[in-house]
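The next block holds one structure in the form of structure tokens; read it before the comments.
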Amino acid sequence: MTRLILVRHGETIWNVDRRFQGQSDIGLNVRGEQQAELTAQRLSDEAIEAVYSSDLQRCLETAGIIARDRGLAVRARPELREINFGEWEGMTFQEISTHSPGYLDRMRADTESVRPPGGETWAEVQQRVDAIFGEIRHAHPIGIVLVVSHVNPLRVLICSLLGCVLSQMFRVRWSNCGVSIVEVGPSGGTILLLNDDCHVRGLKL
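Counted from 1, the sequence shown has number 44 at position 44 by my numbering; the numbering is strictly sequential.
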């Protein structure tokens, strides 16, 4: 059975500003680096055998800090990237709501066909996320694997593992450097831990 430790990347300045990052390559801010360090401590007793990450900077930096003292290379995979928000990237929630009233709600309701201008649908994200996690499980049928990704691919994965309708992904909260643990076997997935952020909750600059 494969045990997956799923971690969202640390904080960026665009998280603070509530901007849609999507596939824009934004690095960690100072707080995000500290969150990653605390996450490395949180996972220090886990016998992780492989580390996979989105190939975007904020995830690679987070994964690199966690993997640093383990002698493990970080395997960067574009399939683990955040959803492509197209023309929305760099915009705030308020700006999008003002510019395209009701569009965010329509995108949440119709995960198959509604997309940001120039971006992906949620179903397209699910297709690539399911493919990469199938590959990871095949490569590591037994053992513990760390995966560092973004809030939406991780939410999508939880829906896939539980067999939920994709629109249920928005009911999952995932903090920066929140840790979830799932076990995946032939009969499906079991969630052991979801969005544990106790290790970073009291962090102050």
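We put the beta carbon where it would ideally sit given N, CA and C, even for glycine. Quick caveat, the model's predicted, so the values are computed rather than measured.
Asked, Found
"Does DSSP put Ile65 in a helix, a strand or coil?", "helix"
"Rounded to the nearest angstrom, what separates Val30 and Leu80 at their Cα positions?", "23 Å"
"Over what stretch of residues does the alpha helix (DSSP H) that includes Glu33 continue unbroken?", "30-42"
"Suppose only complete runs of 3+ residues qualify. What are the beta strand (DSSP E) ranges in the region 110-181, listed by chain order?", "143-149"
"Alpha carbon to alpha carbon, how far is Cys198 from Ser175? Give it in angstroms, no decimals.", "10 Å"
"If distances are taken between C-alpha atoms only, which option among Asp45, Val129, Ser53 comes closest to Cys159?", "Val129"
"Which value, in whole angstroms, describes the spacing of the CA atoms of Val147 and Leu56?", "13 Å"
"How is Leu194 classed by DSSP in three states: helix, strand or coil?", "strand"
"Taking the C-alpha atoms as reference points, what is the distance between Glu46 and Leu192?", "14 Å"
"For Leu203, collect the residues of the same chain with a Cβ closer than 7 Å to its Cβ; drop the 5 residues on either side in sequence, then sort them by chain order.", "Arg31, Gln34, Gln35, Leu38"
"Within its chain, find whatever has a CB closer than 6 Å to the CB of Phe20; leave out the 5 residues flanking it on each side and keep chain order.", "Phe85, Trp88, Glu89, Met91"
"Where do the N-terminal and C-terminal ends of the beta strand (DSSP E) with Ser53 fall, by residue?", "48-54"
"Could you tell me whether the region 161-173 touches the region 116-126, using the rule of 3 or more Cβ pairs below 8 Å?", "yes"
"Who are Leu6's beta bridge partners in DSSP?", "Val147, Ser180"
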